[in-house]
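Participant: Residue numbers (full-length UniProt numbering): 1 to 39. Beta carbons: idealized from backbone N, C-alpha and C, even for Gly.
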Amino acid sequence: MLVKGMNKMRRQAEAEPEAPAEPSEEVLLLREISQKLSK
1 MLVKGMNKMR RQAEAEPEAP AEPSEEVLLL REISQKLSK
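(1) For the alpha helix (DSSP H) that residue 13 lies in, which residues bound it at each end?
(2) According to DSSP, simplified to helix, strand and coil, what is residue 36?
(3) Expressed to the nearest angstrom, what Euclidean distance is found between the alpha-carbon atoms of residue 36 and residue 21?
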């Protein structure tokens with residue numbers, strides 16, 4: 001039973017998509033707006 005649980009957890013971890021390396025255009029725009037507002 002323990003082995004089945006560990007295998008299930010491993011499969012779920014492998015199935016998760018990795019985060020994108022570069023921030024999206026939306027994130028870049030939000031950062032720019034935030035920086036301008038903080039000045």
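Facilitator: Short version:
(1) By one-based count along the sequence shown, residue 13 stands at place 13. Start and end: 2 to 15.
(2) Here residue 36 corresponds to residue number 36 of the sequence shown, with the count starting at 1. Residue state, collapsed to three classes: helix.
(3) Here the question's residue 36 lines up with position 36 in the sequence shown. Here the question's residue 21 lines up with position 21 in the sequence shown. Answer to the nearest angstrom: the Cα atoms are 25 Å apart.
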